[in-house]
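Undergrad:
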Amino acid sequence: MYGLGMTTENIQYDRDSFTSLDQFQKATDKIPHSVESSLGIHPLVAFIYSSESKTNFPFIDTTRLVQRAIINIRTPNMIKRTRRMSNLQQLALGLEEFQSTQKENVFEKSLISRNDHRGDYETGMCAVATWLSCSDRIRNYPDELKIRLLQSIWFIWGRLERVAMTARMRSRNLCGKNQFVVSKNSLIHFDSMKSDISHLTNHTFEEMRFFFTPKELYYDELIWDIMEVQPDDVELTFIMSMICFHVAATHFGGETQEEMERLQDVLADDLHEHYTKNYKTKYSLRLKQLMRIKENFLKLRNIRLEKYSIGGLFNLFNMNFSNPEFFWVPPQKYV
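Its first residue numbered 1, the sequence shown is counted upward by one per residue in the UniProt record's numbering.
1. Could you give the residue range of the alpha helix (DSSP H) that holds Ile156?
2. For Thr101, count the other beta carbons within 10 Å of its own beta carbon; 16 or more makes it buried, fewer makes it exposed. Which is it?
3. Which residue or residues does DSSP assign as beta-bridge partners of His189?
4. Can you give the Cα-Cα distance for Asn323 and Thr281, rounded to whole angstroms?
5. By DSSP's criteria, Asp61 is part of a beta bridge. Which residues make up the other side?
6. Short of 8 Å in beta carbon distance, which residues of its chain neighbour Asn296, apart from the five on each side in sequence? Order them along the chain.
7. Looking at chain D, is there any beta carbon in it that lies within less than 7 Å of the beta carbon of Met208?
8. Going along the chain, which residues of its own chain have a beta-carbon closer than 7 Å to the beta-carbon of Leu44, five neighbours each way excluded?
9. Where Phe327 and Met125 are concerned, what is the direct C-alpha to C-alpha distance, given to the nearest angstrom?
10. Would you mind stating whether Leu132 and Ile70 have Cβ atoms separated by less than 7 Å?
11. Rounded to whole angstroms, what is the Cα-Cα separation between Cys175 and Glu228?
12. Return the residue from the list Phe238, Leu298 and Phe155 that minimises the CA-CA distance to Leu287.
13. Just verifying my parser: in three-state terms, what is the DSSP assignment at Lys215?
14. State the beta-bridge partners of Lys109 as determined by DSSP.
15. Suppose contacts are defined by Cβ-Cβ distances below 7 Å. Is Ala92 in contact with Asp233 by that definition?
16. Pull the bridge partners of Lys194 from the DSSP assignment, please.
17. Return yes when the Cβ of Phe47 is within less than 7 Å of the Cβ of His199, no when it is not.
18. Excluding the 5 residues flanking Phe210 on each side, which residues of the same chain have their C-beta closer than 8 Å to its C-beta?
19. Among the residues of its own chain, which have a CB less than 7 Å from the CB of His203, if the five just before and after it don't count?
20. At the level of alpha carbons, what is the spacing between His117 and Trp154?
21. Would you report the Cα separation of Tyr279 and Glu273, rounded to the nearest angstrom?
22. Would you please state the rounded distance, in angstroms, between the beta carbons of Val247 and Ile303? I believe it to be under 8 Å.
Take a look at the structure:
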């Protein structure tokens, strides 16, 4: 998300876990209505305040967003004819299409608003559903596995995609070394950015600087790694896929982990084919550089998770999401 480092580590997967769309729809009947829905406005994410609540936090209703994303991944609207392409090439094409709307002339935001956070949720989750559906192998997965992938990687994929886009724009001198491209038409400056996080904590962004240091939130160190390696579209997709599917495997274990390991093997074979077709038969050093990016991301991510766990001990974060299995917030210490 724009001003947060929310992740999917320690997701509460056994809470409201849906294996089918029908099951999901039945579970939404008890969700309270927001002012917007009462007026006939139906955003994908709604912030609902209640006078009966014991806190000042809103209930964050993401049911419509999750429903939309699940529909997208179960029944993708249009699939291009890419049968002659490998699964890695198919995913690379999906990433390229998503990034094709990026504008080169972007404006600097001084404040990440609550509506920006909402838009980030919506863009990220729906984009990943579409991206996953680009792969023949993933498209043939059972719905339960598709939904598990969506739950566990949507935020990570979105952050990695923005990291990669920032690296590209910095390399082209379209973005400064202390700036981050948060959307297709805007960027932020690490030193001056502010963020409205009132829906997630009672503290201001400045008060929460320890948890939300901009260069940590947006993985600035990883941006420089990518700029140094300069991966092509297929290599970039390989890095992002390895990270995402590794995280999904670690979260769920069991059969999901086994299939994620098989999928990663398939993508590794596809990368080998990509190199041999492009006359890069000696690519061991190149592969080490790519895997170093993966390991660095996981290291930086673990640092963030440790900080969030500390915040959870002091009850600093709001956990009131309608679909907690799609979000991770630090465990709270109840007193």
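The beta-carbon is built from N, C-alpha and C at its ideal position, and this holds for glycine as well.
Model, not experiment: these values are computed from the prediction.
TA: A quick look at the data gives this:
1. Asp143 to Ser171
2. exposed
3. Gln179
4. 47 Å
5. Ala46
6. Glu221, Leu222 and Asp225
7. In summary, chain D is missing from the structure at hand, where a single protein chain is found.
8. Arg64, Leu65, Arg68 and Glu122
9. 11 Å
10. no
11. 16 Å
12. Phe238
13. helix
14. Ile188
15. yes
16. Leu111
17. yes
18. Lys307
19. Leu316
20. 14 Å
21. 10 Å
22. Their Cβ separation, rounded to whole angstroms, is 15 Å, which puts Val247 and Ile303 out of contact at 8 Å.
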